[in-house]
Amino acid sequence: MQKKQLSFCKIIIVLLLVSLSMSLFLTYNDIFIKKRSNAIYIKSSNPEDVIDSLKQSGFELNRVDIELLKLIDLPKEGWYKIEENPKGRFYFFYELLHNQADTMGIVIFAGDTVDEIFSRLAKDMKLDKKEFIKYYTKYSKFLEGEILGDKYTIAKHADEEVLVRYLLDISNKQLHFFAKEKFGSLYTHNQLHKAIIMASIIHKESNNLKEMPTIASVINNRIKKGMRLQMDGTLCYGKYSHKIVTSKRIKEDTSHFNTYKHKGLPPYPICTVTINALDAVISPKETDYLYFMLNRDGTHTFTKDYNEHRKNIKKFRKKKKEAKKSSDKKLVKKKVKEPTKIKEVEEKKEIKEEPKNNIKIEKNIDINITKRSKDINETLLSVF
85 MQKKQLSFCK IIIVLLLVSL SMSLFLTYND IFIKKRSNAI YIKSSNPEDV
135 IDSLKQSGFE LNRVDIELLK LIDLPKEGWY KIEENPKGRF YFFYELLHNQ
185 ADTMGIVIFA GDTVDEIFSR LAKDMKLDKK EFIKYYTKYS KFLEGEILGD
235 KYTIAKHADE EVLVRYLLDI SNKQLHFFAK EKFGSLYTHN QLHKAIIMAS
285 IIHKESNNLK EMPTIASVIN NRIKKGMRLQ MDGTLCYGKY SHKIVTSKRI
335 KEDTSHFNTY KHKGLPPYPI CTVTINALDA VISPKETDYL YFMLNRDGTH
385 TFTKDYNEHR KNIKKFRKKK KEAKKSSDKK LVKKKVKEPT KIKEVEEKKE
435 IKEEPKNNIK IEKNIDINIT KRSKDINETL LSVF
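Numbers 85 to 468, taken from this note's numbering, label the letters of the sequence shown in order.
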């Protein structure tokens, strides 16, 4: 009799435990996961990275969620989409493993400022530029230059915070690897910051990969001799990012970006940089050059002697005047002889150029291109 009662009690206890487990299971599944973003970027399959990615994207995880994520197979690195109304907490984990987000490619070119990057990104994705700037300010270490010029793959439905953190995470991985390799594992914030400042000056002066190490040598040589850098590129900061530097600007600008007036480097990077420019900073060409001048073909003429530099400038100005006169004469000749023909050509040209207003789908894009004036490389952010 006692054995029967004991067996019955065991059955009751088992049923109660099963019932309790089912109740807890259903209760847990019914707890709504609060989220902020429909798209999340998973850094890696490491449980800590998955948990961190979810938290960064605004998902509120409890202790059970965290323990479950340590036990199940986790998603690979990439973008994932969470539906607006998940069927339950377990369905959330299913989505996390299987529901990859629609993505698109973007290109951020060297020479962009933070303001320009997020102006174009906000326009293309119909998001808020102010929100972008707010989150960049919150999470970045540098005022400029922390997002590298590169190609990125982003989720089409990600919000501002998720995108900012993604761009910074990817860039900082590359910057950390670069700094560790070049300066050693105990590199300092100042070492990296200085390298980015110099790389940003190089990008403002040239987009020619072959010339970058030579320009880096000029910067080093002038600093070693205690000379002012006297480079126009340093004045292309903030709202002046892509404006031509005039003699009036040089006289009136009193900021420490004006290297005609102040010695040393500007206080912080002036634009987006690439790993190519950073490599040039760390491994400059060995030269005794102190001066360089921009040629009409985009290359530079380098010299170590000031008088020779002045002669090069005079030659350049003379050729420029001659080219302008020759161009003016040809234009006048055409206007006199063929007015009707010119008009017809212009009309045809207008018709042909209309489709160019559409966004181009480009796959082979040079991220080192730097915009030097208003009419060059007008679109710096492209969808490919």
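Quick reminder that beta carbons are idealized off the backbone N, C-alpha and C, glycines included.
Quick one: what's got a C-beta closer than 6 Å to Lys-427's C-beta in the same chain, skipping five residues either side?
-> Walking along the sequence shown from the start, residue 427 turns up at place 343. Reliability fails at Lys-427, whose pLDDT of 39 lies under 50, so the model's placement of it is uncertain and the value that follows must be treated cautiously. Within the same chain, Lys-427 has no close Cβ partners at all.
In terms of alpha-carbon separation, which member of Leu-138, Arg-204 and Met-377 lies closest to Ile-166?
-> By 1-based counting over the sequence shown, the position of residue 166 is 82. The candidate whose alpha carbon is nearest that of Ile-166 is Leu-138.
Cβ of His-273 within 8 Å of Cβ of Cys-355?
-> By 1-based counting over the sequence shown, the position of residue 273 is 189. By 1-based counting over the sequence shown, the position of residue 355 is 271. Against a cut-off of 8 Å, the Cβ pair of Cys-355 and His-273 comes out as no contact.
Buried or exposed: which applies to Asp-243, given that a residue is buried once 16 or more other Cβ atoms fall within 10 Å of its Cβ?
-> Position 159 of the sequence shown, counting from 1, holds the residue named residue 243. The residue is buried, with at least 16 neighbouring Cβ atoms inside 10 Å.
Check each candidate in Asp-234, Gly-142 and Ile-135 and name the one with the smallest Cα separation from Leu-155.
-> Residue 155 sits at position 71 when you count from the first residue of the sequence shown. Considering only alpha carbons, the answer is Ile-135.
How many angstroms separate the CA atom of Glu-446 from the CA atom of Asn-146?
-> Against the sequence shown, residue 446 aligns to sequence position 362. Against the sequence shown, residue 146 aligns to sequence position 62. Because the pLDDT at Glu-446 is just 44, under 50, the model does not fix this residue reliably, and the value given afterwards should be weighed accordingly. Looking at the two C-alpha atoms, the distance is approximately 44 Å.
Buried or exposed (CB count within 10 angstroms, at least 16 for buried), Phe-386 = Locating residue 386 in the sequence shown gives position 302, where the first residue counts as 1. Buried is the call here.
Is the beta carbon of Asp-372 sitting closer than 8 Å to the one on Asn-291?
-> On the sequence shown, position 288 is the one that residue 372 refers to. On the sequence shown, position 207 is the one that residue 291 refers to. It is not a contact, given that the beta carbons lie outside the stated cut-off.
Alpha-carbon spacing of Lys-160 relative to Tyr-250, whole angstroms | Against the sequence shown, residue 160 aligns to sequence position 76. Against the sequence shown, residue 250 aligns to sequence position 166. Computed Cα separation, rounded: 16 Å.
If you count every other CB in all the chains shown that lies within 10 Å of the CB of Ser-141, and 16 or more means buried, which is it?
-> Here residue 141 refers to the residue found at position 57 of the sequence shown. Ser-141 comes out buried.
So what does Asp-234 bridge to, in DSSP terms?
-> What you label residue 234 is simply residue 150 of the sequence shown in a count that begins at 1. DSSP lists Ile-192 as partners of Asp-234.
Which residues bound the alpha helix (DSSP H) around Thr-298?
-> Along the sequence shown, one-based indexing puts residue 298 at 214. Run containing Thr-298: 296 to 308, per the alpha helix (DSSP H) assignment.
Among residues of its own chain, excluding the 5 on either side of Asn-183, which ones have a beta-carbon nearer than 8 Å to its beta-carbon?
-> As a working mapping, residue 183 is identified with position 99 in the sequence shown. So the qualifying residues of the chain are Tyr-164, Lys-165, Ile-166 and Glu-167.
Tell me whether Phe-202 is buried or exposed, calling it buried when 16 or more other Cβ atoms sit within 10 Å of its Cβ.
-> By 1-based counting over the sequence shown, the position of residue 202 is 118. Buried: at least 16 other Cβ atoms inside 10 Å.
Pick from Leu-205, Leu-153, Glu-200 and Asp-199: whose alpha carbon is nearest that of Leu-181?
-> Within the sequence shown, numbered from 1, the residue matching residue 181 stands at position 97. Residue Leu-153 is the option with its Cα nearest to Leu-181.
Enclosing beta strand (DSSP E) for Lys-165 [first to last residue] = The residue labelled residue 165 in the question sits at position 81 within the sequence shown. Where Lys-165 is concerned, the enclosing beta strand (DSSP E) stretches over 162 to 165.
So does His-384 have its beta carbon nearer than 7 Å to some heavy atom of the ligand HEM?
-> No copy of the ligand HEM appears in this structure; indeed no ligand is present at all.
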